[in-house]
Amino acid sequence: MKTGIIGLPQVGKTSLFKILTKAKLDEHGYSNPREAHIGVARVPDDRLEKLAALYSPKKTTFAAVEYVDVAAIGQEALKESAFLASLRQVDALIHVLRAFEDDSIPHVGAVDPLRDIKNVEFDLIVSDLGQVEKRLERLEKDLKKMRSPELERENALLLRAKECLEQEKPLRELEMTPEEKKLIKGFMFLSQKPILYALNIGESMTLGADLDAAASKYKLEEVAKRPNSGATAICGKVEAELAEMDDEEAADFLQSYGLHESGLVRLIRKSYELLGLISFFTAGEDECRAWTVPVGSKAPQAAGAIHTDLEHHFIRAETIRWDNLLAAGSEAAARGKGTLRLEGKEYIVQDGDVLHIRHSG
Ligand SMILES: Nc1nc2c(ncn2[C@@H]2O[C@H](COP(=O)(O)OP(=O)(O)OP(=O)(O)O)[C@@H](O)[C@H]2O)c(=O)[nH]1
Ligand SMILES: [Mg+2]
Numbered sequence: 059m060k061t062g063i064i065g066l067p068q069v070g071k072t073s074l075f076k077i078l079t080k081a082k083l084d085e086h087g088y089s090n091p092r093e094a095h096i097g098v099a100r101v102p103d104d105r106l107e108k109l110a111a112l113y114s115p116k117k118t119t120f121a122a123v124e125y126v127d128v129a130a131i132g133q134e135a136l137k138e139s140a141f142l143a144s145l146r147q148v149d150a151l152i153h154v155l156r157a158f159e160d161d162s163i164p165h166v167g168a169v170d171p172l173r174d175i176k177n178v179e180f181d182l183i184v185s186d187l188g189q190v191e192k193r194l195e196r197l198e199k200d201l202k203k204m205r206s207p208e209l210e211r212e213n214a215l216l217l218r219a220k221e222c223l224e225q226e227k228p229l230r231e232l233e234m235t236p237e238e239k240k241l242i243k244g245f246m247f248l249s250q251k252p253i254l255y256a257l258n259i260g261e262s263m264t265l266g267a268d269l270d271a272a273a274s275k276y277k278l279e280e281v282a283k284r285p286n287s288g289a290t291a292i293c294g295k296v297e298a299e300l301a302e303m304d305d306e307e308a309a310d311f312l313q314s315y316g317l318h319e320s321g322l323v324r325l326i327r328k329s330y331e332l333l334g335l336i337s338f339f340t341a342g343e344d345e346c347r348a349w350t351v352p353v354g355s356k357a358p359q360a361a362g363a364i365h366t367d368l369e370h371h372f373i374r375a376e377t378i379r380w381d382n383l384l385a386a387g388s389e390a391a392a393r394g395k396g397t398l399r400l401e402g403k404e405y406i407v408q409d410g411d412v413l414h415i416r417h418s419g
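My numbering puts the sequence shown at residues 59 to 419.
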C-alpha cells in the first residue's frame with residue numbers, strides 16, 4: 059500500500075516524509091528536486107504490542123505503509139511524465155497544508171488551507187480531465203469503426219467522469235459500482251484517490267488542544283466529510299524533535315505539550331483507515347504479527363495475505379478477538395471459555411481478530 063505526500067511548495071512535505079519513515083536523506087537527495095523519495099513506516103498498533111507481551115515471541119512484525127514524497131504540485135509539474143507516474147501509482151494521498159506562521163518560509167499569500175485545497179484539487183482535476191478527453195477522442199474513433207458493448211460501457215462511464223470533472227468535482231466524489239471502478243482503475247486518476255488533509259500547524263504551548271481544534275479552526279470539517287476524505291493535524295517542527303528522542307524522553311516531551319500520543323501515530327492510523335484497511339494478527343512464540351487486508355475480506359483471503367498456499371488449502375480459521383485472548387490469558391483457556399471459535403470460508407475477518415489458519419497443505 060502506497061501513500062503519496064502532495065502539497066504546494068515549501069509546506070513541509072519532505073519534513074513529514076522524513077519523520078514518518080525515519081529516512082535520512084542526504085543533500086544529494088535534493089539534487090534532482092523532481093525525484094520522488096520512497097520510504098516505509100510501520101503502522102503503530104498497541105494491540106500487537108500487548109499480544110507480544112503475552113507470547114514473548116522471537117519477533118514482532120508491524121504492518122507497514124509505504125510513503126512517496128514528490129516535488130511540489132502544480133500545473134507544470136503535472137505535465138511531467140515522471141512526476142505523474144510516481145503520483146499515479148499511489149493508493150491514497152496525504153495533502154500537507156501550510157498552517158504554520160513563519161515569515162522566513164515563503165507561501166502563496168497568507169495562510170489559508172482551504173484555498174490551498176481548492177487550488178491543488180483543481181490541478182488534479184485538470185490533469186484527470188485531460189486524460190479523460192484524450193481517451194474519449196480515441197473511443198469515438200474506435201466506436202465508429204466497430205461498436206462493442208465493452209467500449210460503449212467505457213464511453214458512457216468516461217462521459218460521466220468528464221461531467222463530474224467539468225463541475226470541478228474530484229472523481230472520488232463520483233458514485234460508481236464496483237464494476238465501474240474496475241473499469242476505470244487502469245487510468246489511475248489522481249482526483250479519484252482517497253485523500254487525507256494534514257494541517258501542518260505551528261508550535262505552541264497548548265499544542266494538544268491546538269491539534270484537536272485545528273480542523274475546525276481552518277474550516278476543514280466540511281471537506282473532511284466528503285467521500286473518501288479525511289483531515290488531521292500535525293506539528294512538523296515538534297514531530298521532527300520527537301523523532302530524535304528515545305521513548306522515555308519523547309513521553310516526557312509529549313506530556314509537556316499536553317499530548318497523549320505523537321500526531322504522527324494519528325496520521326498513520328488515519329491514512330490506514332482511509333484506505334479501507336484492517337489488521338488481523340497471528341500470534342505465537344516465534345512471531346507476533348499484524349497483517350493488512352481490505353475491510354470485508356473473508357477468512358481464506360486473509361489466509362492468502364500470509365501465504366498463497368494457505369488460501370488454497372484453507373480449511374478453517376481458529377478465531378478470537380485480540381482482547382478476548384488477552385483476557386483469557388492463553389489460547390487453551392480461551393477455548394475452554396468458548397471465546398475461541400472455528401470459522402469457515404465465508405467468515406468476514408474483523409479488525410483485531412487473531413487467526414490461526416488450519417489448512418490441508
Ligand atoms: N516553522 C516551521 N517550518 C517548517 C515546518 N515544517 C517545515 N518547515 C520548514 O519549511 C521549509 C520547507 O520544508 P520541506 O519539508 O522541505 O517542504 P517541502 O514541502 O518538501 O518543500 P518542496 O519540496 O520544496 O516543495 C524548510 O525550511 C522546513 O524547515 C513547520 O512545521 N514549522
Ligand atoms: Mg520536498
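Even glycine gets a Cβ: it sits at the ideal position worked out from N, Cα and C.
Indicate, with yes or no, if ligand 1 has a heavy atom lying under 7 Å from the CB of residue i.
| i | result |
| --- | --- |
| Ala99 | no |
| Gly70 | yes |
| Asp161 | no |
| Gly294 | yes |
| Phe158 | yes |
| Pro164 | no |
| Ser320 | no |
| Asn258 | yes |
| Gly188 | no |
Within the same chain, show all residues whose beta-carbon is closer than 7 Å to that of residue i, passing over the 5 residues directly before and after it, in chain order.
| i | result |
| --- | --- |
| His86 | In this predicted model, His86 has a pLDDT of only 48, less than 50, meaning its place in the structure is not dependable; the value taken from the coordinates is given anyway. Closer than 7 Å at Cβ, skipping near neighbours: no residue. |
| Phe75 | Ile63, Ala81, His95, Gly97, Tyr125, Asp127 |
| Lys60 | Glu124, Val126, Gln147, Val148, Asp149 |
| Asn382 | Ala392, Thr397 |
| Val69 | Val154, Leu155, Arg156, Asn258 |
| Asp268 | Ile259, Ser262 |
| Val169 | Arg156, Ala157, Glu159 |
Taking 8 Å as the threshold (C-beta atoms), are residue j and residue i in contact?
| i | j | result |
| --- | --- | --- |
| Leu187 | Lys137 | no |
| Ser329 | Ile183 | no |
| Arg478 | Phe120 | As displayed, the chain neither begins before 59 nor continues past 419, which places residue 478 out of reach and without an answer. |
| Val412 | Ala301 | no |
| Val353 | Ala363 | no |
| Val190 | Gly65 | no |
| Phe338 | Ala360 | yes |
| Pro171 | Arg230 | no |
| Leu197 | Leu384 | no |
| Pro115 | Asp344 | yes |
First and last residue of the alpha helix (DSSP H) that includes residue i?
| i | result |
| --- | --- |
| Val178 | 171–203 |
Run the proximity test for residue i: is its beta-carbon closer than 7 Å to any non-hydrogen atom belonging to ligand 2?
| i | result |
| --- | --- |
| Asp127 | yes |
Give the C-beta separation of residue i and residue j to the nearest angstrom, bearing in mind that I take them to be a contact with Cβ-Cβ under 8 Å.
| i | j | result |
| --- | --- | --- |
| Leu265 | Gly316 | 7 Å |
| Ala357 | Glu307 | That belief does not hold up - the Cβ atoms of Ala357 and Glu307 are roughly 43 Å apart, past 8 Å. |
| Ser261 | Lys295 | For the sequence presented, residue 261 should be read as Glu rather than Ser. Confirmed, Cβ separation roughly 5 Å. |
Residue range of the beta strand (DSSP E) that residue i falls in?
| i | result |
| --- | --- |
| Thr79 | Where Thr79 is concerned, there is no enclosing beta strand (DSSP E), although the alpha helix (DSSP H) it sits in stretches over 71–79. |
| Arg374 | 372–379 |
Considering only residues of the same chain and omitting the five flanking positions on each side of residue i, which have a CB-CB separation below 6 Å?
| i | result |
| --- | --- |
| His371 | His417, Ser418, Gly419 |
| Arg347 | Thr119, Thr340 |
| Leu368 | Ala361, Ile415, His417 |
Excluding the 5 residues flanking residue i on each side, which residues of the same chain have their C-beta closer than 8 Å to its C-beta?
| i | result |
| --- | --- |
| Thr290 | Leu254, Tyr255, Ala256, Leu257, Ala273, Gly321, Arg324, Leu325, Lys328 |
| Asp200 | Leu209 |
Under 7 Å: does the beta carbon of residue i sit that close to some heavy atom of ligand 3?
| i | result |
| --- | --- |
| Ala130 | In the structure shown, ligand 3 is absent; the only ligands present are ligand 1 and ligand 2. |
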